[in-house]
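*Asks:*
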Amino acid sequence: MSLNLMNLNLKHFLTLSALLLGYVVSAQPTEWNVQYIKQKEYGSPSAFNPRKIDLPDIDGYTTLKVDLHMHTVNSDGDVSPRMRVMEAFVEGLDAIAITDHQPAFGKPDDWDYDQSYPQAMNEAKSRDILLIKGFEISHNQNDIGHMNVLFVKDCNAYDIPMTFGQKETHEVLLQAKSEDAWVTANHPGWPDENSELSQFWIDEIESGLVQGMEVFNAYEFYPLAIDHVRKYNLAFIGASDQHRPMNFDYDLDKVMRPMTIVFAEERSVEAIHDALKARRTVAYANNLLAGDPKWLLKLLRASLKIEKVEDRGANVRVRIFNQSDIDYILDCGIPSKLIRIPAHRYFDAERSKIDLDLQYTVTNMFIGSSECLSIPMSMIFTKQSDIDMPMADAKGVSYAGGKVLLPLVCEAGQTYYTTDGSEPAPGNGTLYSGPVALDRSCTLKARTFNGDKSSYTYEYPFIYLSAVKAKTGKGGLAYSFYSDPAIRSIVSVNDLTPERYKRSGFTAIPSLQKHEEEDWYGYVFEGWIKVPVSGIYSFKLDTDDGSRLYLDDTLIIDNDYNKGNIISTGAAYLEAGLHKFRMPYFEGHNDQKIVLGWALPGSIRFTPVPAEVFFKP
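Below, the structure is given as structure tokens:
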């Protein structure tokens with residue numbers, strides 16, 4: 127290689143090296159501080175974006191989202207009172223109560239039980255979070271239980287010793303009443319998974335010293351507590367009972383914490399207190415709601431905005447927007463007519479006017495331990511500015527002189543009703559002025575008129591069955607078994623025909639018997655049922671697949687669907703004594719199940735129908 131060529135290659139190498147070096151150097155900031163760099167774009171207060179919980183105001187009340195039960199480092203929690211406020215702010219709550227344990231085990235004798243409130247107050251003011259002062263009475267759960275005392279003036283004024291019993295607890299509750307504090311019974315089903323009330327709690331509730339009860343606590347749901355709340359006229363409470371940081375236990379991008387929805391006259395601590403006293407609350411957790419039917423219905427109606435209603439002759443077309451953060455599923459027992467309206471989504475459908483009186487169960491709105499809110503489809507399809515269809519208040523029924531006195535829930539205006547099947551109107555029917563007296567089976571129709579507007583016609587099939595005199599066998603029921611190995615041979619109780627009959631036997635209650643067949647079979651259970659008192663009995667068929675219930679040859683429940691596990695209900699007035707019982711059931715494919723439940727007159731709680739009321743034919 128010549129010297130000139132070598133010089134040229136060296137020149138190119140040096141030039142390329144200089145270019146590369148220049149690129150590397152130019153990639154660094156103009157002023158590169160190896161001691162300290164503040165990455166402004168990485169962390170910023172603007173990243174602190176609180177959530178807004180969408181729940182509508184109702185009836186002139188402001189809807190507030192409140193958590194009345196949580197703990198901090200001042201008892202056995204893991205975060206500061208200030209952090210509890212910040213969590214509430216980020217999650218979109220309006221108010222919280224910090225309820226540290228009292229007595230606080232492991233703390234010195236001179237422990238300041240009032241310190242959480244002032245430690246949280248400055249943050250609460252800056253974040254516009256309403257702060258409620260309170261504490262949790264903590265003791266042996268099986269002996270006394272835990273209770274929150276809220277709206278107190280000074281937590282230290284409650285001198286609770288480390289060891290105390292029912293007498294001392296009662297004195298604390300009396301002290302709370304003397305300063306107009308408010309007391310809740312906490313987690314009634316913890317730790318033994320038994321939500322029955324102790325006699326101590328019953329006595330304190332009946333004396334008016336306990337005014338609310340938790341239906342939801344953290345991850346736990348106590349359905350039986352709903353019955354207690356309604357029986358004793360308490361306030362429904364949902365609460366987190368949080369000890370750890372909130373985002374340790376909940377995916378807050380997907381779910382909301384357990385809380386109490388409060389319908390208050392204004393956004394203030396005093397208004398929350400007044401609303402709790404007036405029982406204007408609904409408990410919430412995991413997209414489930416529990417409350418009085420009145421408030422649940424108002425919340426549902428306000429959440430589902432009717433944007434369009436079109437009268438199409440025999441049909442009605444409707445467009446509904448769910449303007450809340452709660453998903454709603456409404457089920458009438460017919461899978462093809464299920465109504466599902468997720469949060470902030472639309473439901474657009476056309477339905478026959480004949481279906482307007484179909485009763486829909488709002489599957490996530492609980493009004494009893496085993497009962498959900500039930501409303502006619504017409505109410506879902508009616509704008510709030512229009513007149514609601516009147517409804518029978520089966521829970522308010524009374525009895526006199528062998529007659530059923532059935533009240534109606536009506537809007538302002540004039541409501542007319544008929545019992546002969548004709549259309550009620552000002553010129554036809556009876557003007558409603560009090561409970562309707564019924565002493566025979568009929569179809570009760572009612573319609574409300576106000577000026578030039580009128581509601582849809584409400585239809586209530588009322589069944590009245592007199593007791594019969596008959597000779598019965600011993601306890602139990604007779605059954606006939608049917609089967610057919612052909613695929614899809616039995617897909618309805620109507621397919622339990624004589625040619626498919628196999629054998630007969632006896633059973634204590636309607637239940638599956640031992641047999642080799644896995645699918646395509648059925649039973650017919652027959653006998654007598656003896657009811658102890660006269661009144662309206664509600665029945666529930668929970669079967670997989672289909673079934674029907676007949677009493678005195680009258681259809682009470684039609685659950686004849688080949689769609690897996692479906693629950694259907696029905697009701698009838700039964701005179702005390704014997705009634706003919708018949709219940710056909712079929713199993714199509716896959717799972718099998720037979721459960722027959724009832725709710726006695728005046729009760730909202732379903733329990734299995736016991737064997738002692740059945741008698742063989």
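Residue numbers for the sequence shown, in the numbering used here: 127 to 743. We put the CB at the ideal spot given by N, CA and C, even for glycine.
Which residue wins for smallest C-alpha separation from residue 698, given the options 180, 332, 290, 523?
*Replies:* Indexing the sequence shown from 1 puts residue 698 at position 572. The option with the nearest alpha carbon to residue 698 is 523.
*Asks:* For residue 402, count neighbouring Cβ atoms within 10 angstroms of its own Cβ and tell me buried if that reaches 16, exposed if not.
*Replies:* Within the sequence shown, residue 402 is the residue found at index 276, counting from 1. With 16 or more Cβ atoms within 10 Å of its Cβ, residue 402 is classed as buried.
*Asks:* Which runs of the alpha helix (DSSP H) fall wholly inside the region 234 to 259 and span at least 4 residues, in chain order?
*Replies:* Runs of the alpha helix (DSSP H) inside the region 234 to 259: 242 to 253.
*Asks:* Residue 348 to residue 493, Cα distance in whole Å?
*Replies:* What you label residue 348 is simply residue 222 of the sequence shown in a count that begins at 1. What you label residue 493 is simply residue 367 of the sequence shown in a count that begins at 1. About 12 Å.
*Asks:* Skipping 5 residues on each side, what residues in its chain have a beta carbon closer than 7 Å to that of residue 241?
*Replies:* Stepping through the sequence shown from its first residue, residue 241 is reached at position 115. Contacts found: 200.
*Asks:* Evaluate the contact criterion for the region 337 to 354 versus the region 298 to 317: three or more CB pairs, one atom per stretch, below 8 Å.
*Replies:* The region 337 to 354 is in contact with the region 298 to 317.
*Asks:* How is the beta strand (DSSP E) around residue 215 delimited, first residue to last?
*Replies:* What you label residue 215 is simply residue 89 of the sequence shown in a count that begins at 1. From DSSP, residue 215 is part of no beta strand (DSSP E) but of the alpha helix (DSSP H) over 207 to 217.
*Asks:* Contact between the region 427 to 439 and the region 353 to 367: three or more CB pairs below 8 Å?
*Replies:* As far as the Cβ criterion goes, the region 427 to 439 does not touch the region 353 to 367, which means the pair count is below three.
*Asks:* Within this structure, are the beta carbons of residue 669 and residue 616 separated by less than 8 Å?
*Replies:* Mapped onto the sequence shown, residue 669 falls at position 543. Mapped onto the sequence shown, residue 616 falls at position 490. For residue 669 and residue 616, no; Cβs fall outside 8 Å.
*Asks:* Among 256, 734, 207, 470, which residue has its Cα nearest to the Cα of residue 818?
*Replies:* No statement about residue 818 is possible, as the shown extent of the chain runs from 127 to 743 and does not include it.
*Asks:* Helix, strand or coil for residue 455, going by three-state DSSP, please let me know.
*Replies:* The count along the sequence shown starts at 1 and reaches residue 455 at position 329. DSSP places residue 455 in strand when its eight states are reduced to three.
*Asks:* When burial is assigned at 16 or more other CB atoms within 10 Å of the CB, is residue 234 buried or exposed?
*Replies:* Working through the sequence shown from its first residue, we reach residue 234 at position 108. With fewer than 16 Cβ atoms within 10 Å of its Cβ, residue 234 is classed as exposed.
*Asks:* In or out: residue 368 buried (at least 16 other Cβ within 10 Å) or exposed?
*Replies:* Position 242 of the sequence shown, counting from 1, holds the residue named residue 368. Label assigned to residue 368: buried.
*Asks:* Kindly identify the DSSP beta-bridge partner or partners of residue 576.
*Replies:* Along the sequence shown, one-based indexing puts residue 576 at 450. DSSP output for residue 576 lists 579 as bridge partner(s).
*Asks:* Taking Cβ positions, are residue 453 and residue 469 nearer each other than 8 Å?
*Replies:* Taking the first residue of the sequence shown as 1, we reach residue 453 at position 327. Taking the first residue of the sequence shown as 1, we reach residue 469 at position 343. A contact, by the Cβ cut-off of 8 Å.
*Asks:* If you reduce the DSSP assignment to three classes, tell me which class residue 522 lands in.
*Replies:* For the purposes of this step, residue 522 is taken as residue 396 along the sequence shown, with counting starting at 1. Here residue 522 sits in helix by DSSP.
*Asks:* Does the beta-carbon of residue 646 have 16 or more other beta-carbons within 10 angstroms, so that it is buried, or is it exposed?
*Replies:* To locate residue 646, count along the sequence shown from 1; it is residue 520. Residue 646 should be labelled buried.
*Asks:* What's the gap between the Cα of residue 737 and the Cα of residue 415?
*Replies:* The residue you call residue 737 lines up with position 611 of the sequence shown. The residue you call residue 415 lines up with position 289 of the sequence shown. Approximately 33 Å, taken between the alpha carbons.
*Asks:* Hey, how far is the Cα of residue 731 from the Cα of residue 676?
*Replies:* Counted from its first residue, the sequence shown places residue 731 at position 605. Counted from its first residue, the sequence shown places residue 676 at position 550. Looking at the two C-alpha atoms, the distance is approximately 21 Å.
*Asks:* Considering residue 395, what are the terminal residues of the alpha helix (DSSP H) in which it resides?
*Replies:* Counted from its first residue, the sequence shown places residue 395 at position 269. Taken as a continuous stretch (DSSP letters only), the alpha helix (DSSP H) holding residue 395 covers 395 to 403.
*Asks:* Cα-Cα, which of 502, 513, 480 is closest to residue 519?
*Replies:* Stepping through the sequence shown from its first residue, residue 519 is reached at position 393. Checking every option, the nearest Cα to that of residue 519 belongs to 502.
*Asks:* According to DSSP, is residue 567 helix, strand or coil?
*Replies:* Residue 567 sits at position 441 when you count from the first residue of the sequence shown. If DSSP states are grouped into helix, strand and coil, residue 567 belongs with coil.
*Asks:* Please report how far the alpha carbon of residue 740 lies from the alpha carbon of residue 607, in whole angstroms.
*Replies:* Here residue 740 corresponds to residue number 614 of the sequence shown, with the count starting at 1. Here residue 607 corresponds to residue number 481 of the sequence shown, with the count starting at 1. Cα-Cα distance, rounded: 19 Å.
*Asks:* Output the boundary residues of the alpha helix (DSSP H) element that contains residue 623.
*Replies:* Within the sequence shown, residue 623 is the residue found at index 497, counting from 1. Residue 623 -> no alpha helix (DSSP H), and no H or E assigned at all.
*Asks:* Assign residue 598 to one of three DSSP states: helix, strand, or coil.
*Replies:* Reading the sequence shown from its first residue, position 472 is the one you call residue 598. DSSP places residue 598 in coil when its eight states are reduced to three.
*Asks:* Would you say residue 674 and residue 662 are within 8 Å of each other, going by their C-beta atoms?
*Replies:* For the purposes of this step, residue 674 is identified with residue 548 of the sequence shown, where counting begins at 1. For the purposes of this step, residue 662 is identified with residue 536 of the sequence shown, where counting begins at 1. No, the Cβ-Cβ distance between residue 674 and residue 662 is not below 8 Å.
*Asks:* From residue 269 to residue 339, what does the alpha carbon distance come to, in whole angstroms?
*Replies:* The residue labelled residue 269 in the question sits at position 143 within the sequence shown. The residue labelled residue 339 in the question sits at position 213 within the sequence shown. Their backbone Cα atoms lie some 17 Å apart in a straight line.
*Asks:* Can you tell me the Cα-Cα spacing of residue 724 and residue 635, whole angstroms?
*Replies:* Translated into the one-based positions of the sequence shown, residue 724 becomes position 598. Translated into the one-based positions of the sequence shown, residue 635 becomes position 509. Cα to Cα, residue 724 sits roughly 13 Å from residue 635.
*Asks:* Which residues does DSSP list as the beta-bridge partners of residue 723?
*Replies:* Counting from one through the sequence shown, the residue named residue 723 turns up at place 597. Beta-bridge pairing links residue 723 to 666, 734.
*Asks:* Can you confirm whether the region 434 to 444 touches the region 476 to 486 when touching is taken to mean that 3 or more C-beta pairs between the two stretches lie within less than 8 Å?
*Replies:* A contact exists between the region 476 to 486 and the region 434 to 444.
*Asks:* Rank 497, 541, 508, 229 by C-alpha distance to the C-alpha of residue 516 and give the top, closest one.
*Replies:* Mapped onto the sequence shown, residue 516 falls at position 390. Ranking 497, 541, 508, 229 by Cα distance to residue 516 puts 541 first.
*Asks:* Is it buried or exposed for residue 605, if we count other Cβ within 10 angstroms and need 16 for buried?
*Replies:* By one-based count along the sequence shown, residue 605 stands at place 479. Per the 10 Å Cβ criterion, buried.
*Asks:* Near residue 497, what residues of its chain come up, given a Cβ to Cβ distance below 6 Å and the 5 sequence neighbours on each side ignored?
*Replies:* Position 371 of the sequence shown, counted from the start, is the residue given in the question as residue 497. Around residue 497: 730.
*Asks:* Considering just the uninterrupted stretch of the beta strand (DSSP E) at residue 674, what are its terminal residues?
*Replies:* As a first step, residue 674 must be located in the sequence shown, where it is residue number 548. Segment 673 to 677, the beta strand (DSSP E) holding residue 674.
*Asks:* Rounded to the nearest angstrom, what separates residue 648 and residue 581 at their Cα positions?
*Replies:* Residue 648 sits at position 522 when you count from the first residue of the sequence shown. Residue 581 sits at position 455 when you count from the first residue of the sequence shown. Taking the straight line joining both Cα atoms gives about 43 Å.
*Asks:* Of all the CB atoms in chain B, is at least one closer than 8 Å to the CB of residue 450?
*Replies:* Considering every chain present, this structure includes no chain B. It has just one protein chain.
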